[in-house]
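Enquirer:
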Amino acid sequence: MRKIVLDRSDLINKMNKRISIIIVCLFLSAHLFAQRLFVLWDKINDIPVSRASVYTICQGKVKSTFSDQQGRVSLDFTFDSLIISHINYQKVCVRTLPDTLFLQQMTRTLSEIVVNFAGEPAWIRPMLKNFVKQKAAKYRNDGVQKYYYETQNIGNAMLYHFASKGLVRKNELFEIHPMESIITFKDQTAGCDYSNLKNTLYHDFVSDMDEKFVKEHIFYIDELTEGLGDNVAKILFKSKKEWKDSGFLCIDTIMNVILRAKRSMGLEYNMKNRTNAFVRSTVNVFYGHKYKDWQIDIEVEYQQLGNSYYLSSCQYANYIWEQFDSKKRKGENVYSVTSIYKAKPYQEKSIGEKTAYLILPKPFAMKIIMSKKETKQEESLQNIKKDYRIY
Numbered sequence: 000m001r002k003i004v005l006d007r008s009d010l011i012n013k014m015n016k017r018i019s020i021i022i023v024c025l026f027l028s029a030h031l032f033a034q035r036l037f038v039l040w041d042k043i044n045d046i047p048v049s050r051a052s053v054y055t056i057c058q059g060k061v062k063s064t065f066s067d068q069q070g071r072v073s074l075d076f077t078f079d080s081l082i083i084s085h086i087n088y089q090k091v092c093v094r095t096l097p098d099t100l101f102l103q104q105m106t107r108t109l110s111e112i113v114v115n116f117a118g119e120p121a122w123i124r125p126m127l128k129n130f131v132k133q134k135a136a137k138y139r140n141d142g143v144q145k146y147y148y149e150t151q152n153i154g155n156a157m158l159y160h161f162a163s164k165g166l167v168r169k170n171e172l173f174e175i176h177p178m179e180s181i182i183t184f185k186d187q188t189a190g191c192d193y194s195n196l197k198n199t200l201y202h203d204f205v206s207d208m209d210e211k212f213v214k215e216h217i218f219y220i221d222e223l224t225e226g227l228g229d230n231v232a233k234i235l236f237k238s239k240k241e242w243k244d245s246g247f248l249c250i251d252t253i254m255n256v257i258l259r260a261k262r263s264m265g266l267e268y269n270m271k272n273r274t275n276a277f278v279r280s281t282v283n284v285f286y287g288h289k290y291k292d293w294q295i296d297i298e299v300e301y302q303q304l305g306n307s308y309y310l311s312s313c314q315y316a317n318y319i320w321e322q323f324d325s326k327k328r329k330g331e332n333v334y335s336v337t338s339i340y341k342a343k344p345y346q347e348k349s350i351g352e353k354t355a356y357l358i359l360p361k362p363f364a365m366k367i368i369m370s371k372k373e374t375k376q377e378e379s380l381q382n383i384k385k386d387y388r389i390y
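Right, here's the structure in full:
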């Protein structure tokens, strides 16, 4: 048997070479890992940007994550280019990551909600109660509006985008006449997602503001009203309960009309008010379903038309983290649906008598059985003409 004998200097040189390679690999690994951690920051308001969608697309496959409450993003996937998307900010595409990535606001937004209760002025509650009594007459939704609706759903391994233009009107229920519909997806299997359009129209701020809302919240004045207009007060509110439900409304104190509002609702509120306890328990029995997080943020504006007001714009964000633990289904789903709605008056004289409107059913988070009527309405919404863009 042939023997190979290395002298002491050769052994030392080989060991030193191996150690050097290991050190370089560790350094590169640490460097790459550090580059996968970064923070998203609002450049104007100097605050972190939470629940932003961060994703990459490669050969039709999507990998994604979200920023946390402190704006921090931790990536566990590689990318050639990374897209950062948020409903309130300009979309950004990067190839390398800084420690902090500053985002520019896409539209002018009022400052974030910071509730430090300092006493409720005596005049607020009576004025809001009076608003509730008069709102049906002041927000009538008369006539027809031309709408633009855009929604994006980014999940664990999915990217979906839907844009719709058309006409909307209100009878007993809202009705739409889609004139242009575009779906962006990995293939042509996806349908039209009107879920946040339903939420926007049926659960805009004024629609959900009732006597119960006034009773269950505390209110106070924000002195920072610059740029809001004469006689406009910015009233901040928070729930009397422990759950997250806070925001602000901008109200013309002379006309007693709400011009703008923002509201953020957390897990406990949404489970209590957006779902049915019996349906939740039934789904839990069959699928082991549980909401781990559920956040809804809505910001609205209203414009005057004659003697009434209509919803002119809405930004609606719905973030859900749900868990399934049963034989039929296991795992977690995390997805973020962000939507924009804009509307303006449309002259009825230019609308043909044969213009076909489709009923927009009321929204639901969970439902065990749909009626034949609801099923037919949903099918009609899916049967419209639509174009696809494959990514």
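Numbering of the sequence shown is given in numbering that gives the first Met the number 0, commencing with residue 0 and proceeding in unit increments. C-beta atoms are modelled at their ideal positions from N, C-alpha and C, and glycine is treated no differently.
Hey, which unbroken runs of the alpha helix (DSSP H) at 4 residues or more fall wholly within the segment 99-182?
Expert: DSSP runs (the alpha helix (DSSP H)) wholly in the segment 99-182: 123-137.
Enquirer: Can you tell me whether Leu304 is helix, strand or coil according to DSSP?
Expert: Three-state result, Leu304: strand.
Enquirer: Within 10 angstroms of the Cβ of Gln34, are there 16 or more other Cβ atoms? Answer buried if so, exposed if not.
Expert: Summary for Gln34: the model assigns pLDDT 47, below 50, so the residue's position carries little reliability, and this model does not support an answer.
Enquirer: Name the DSSP bridge partner or partners of Ile298?
Expert: Contrary to the premise, residue 298 reads as Glu rather than Ile in this sequence. Note: Glu298 sits in a beta bridge opposite Lys261, Gln314.
Enquirer: State buried or exposed for Gln314, treating a residue as buried only when at least 16 other CB atoms are found within 10 Å of its CB.
Expert: Answer is buried; the Cβ neighbour count reaches 16.
Enquirer: Could you check what DSSP says for Thr64 in three-state terms: helix, strand or coil?
Expert: In the structure shown, Thr64 sits in a strand (DSSP, three-state: E or B).
Enquirer: Alpha carbon to alpha carbon, what distance is there between Thr252 and Glu222?
Expert: In a straight line, the C-alpha of Glu222 is about 15 Å away from that of Thr252.
Enquirer: Who are the near neighbours of Asn317 in its chain, counting only those whose CB is closer than 6 Å to its CB and skipping five residues on each side?
Expert: If we look at Asn317 and ignore the five residues flanking it on each side, its Cβ neighbours are Ile295, Val336.
Enquirer: Which value, in whole angstroms, describes the spacing of the CA atoms of Lys90 and Val231?
Expert: Between Lys90 and Val231, the C-alpha separation is close to 32 Å.
Enquirer: What's the C-alpha gap between Ile123 and Tyr219?
Expert: Spanning the two alpha carbons is a distance of roughly 8 Å.
Enquirer: What distance in whole Å lies between the Cβ atoms of Val48 and Leu96, which are believed to be in contact at a cut-off of 8 Å?
Expert: Contact doesn't hold; Cβ gap of about 15 Å is too wide.
Enquirer: Taking buried to mean at least 16 other C-beta atoms within 10 Å of its own C-beta, is Met254 buried or exposed?
Expert: Met254 comes out exposed.
Enquirer: Assuming Leu196 contacts Tyr148 (C-beta within less than 8 Å), just tell me the rounded distance between them.
Expert: Right, the Cβ-Cβ distance comes to about 5 Å (below 8 Å), so this counts as a contact.
Enquirer: Taking just the CA atoms, how far does His202 sit from His176?
Expert: If you take the alpha carbons of His176 and His202, they lie about 20 Å apart.
Enquirer: What is the DSSP secondary structure of Gln376, counted as helix, strand or coil?
Expert: In this structure, Gln376 counts as helix in the three-state DSSP scheme.
Enquirer: Below 8 Å on the Cβ atoms is my contact criterion, and I expect Ser52 with Phe37 to pass it. Report the Cβ-Cβ distance as a whole number of Å.
Expert: The Cβ separation is near 15 Å, so there is no contact.
Enquirer: Can you tell me whether DSSP reads Lys42 as helix, strand or coil?
Expert: Coil at Lys42, not helix or strand.
Enquirer: Taking its Cβ as the centre, do 16 or more other Cβ atoms sit within 10 Å of Gln396, making it buried, or is it exposed?
Expert: Nothing can be reported for residue 396: it is not among the residues displayed for the chain, which extend from 0 to 390.
Enquirer: Could you check which residue in Lys385, Cys249, Tyr309, Gln376 has the C-alpha nearest to that of Lys233?
Expert: It is Cys249.
Enquirer: Taking DSSP as the reference, what is the three-state secondary structure of Phe26?
Expert: For Phe26, the pLDDT reaches just 48, beneath the cut-off of 50, and the residue's location in the model is therefore unreliable, although a value from the coordinates is still provided. The answer is helix: DSSP assigns Phe26 an H, G or I state.
Enquirer: For Gln68 and Thr99, what's the separation of their Cα atoms in angstroms?
Expert: Taking the straight line joining both Cα atoms gives about 15 Å.
Enquirer: Whose C-beta lies closer than 8 Å to the C-beta of Asp209 among residues of the same chain, with five residues either side of it excluded?
Expert: Around Asp209: Val131.
Enquirer: Please report the distance separating the alpha-carbon of Glu111 from that of Asp207.
Expert: Residue placement at Glu111 is poorly supported in this model, since its pLDDT is 48, which falls under 50; the coordinates still yield a value, given next. If I take the Cα positions, the gap works out to 21 Å.
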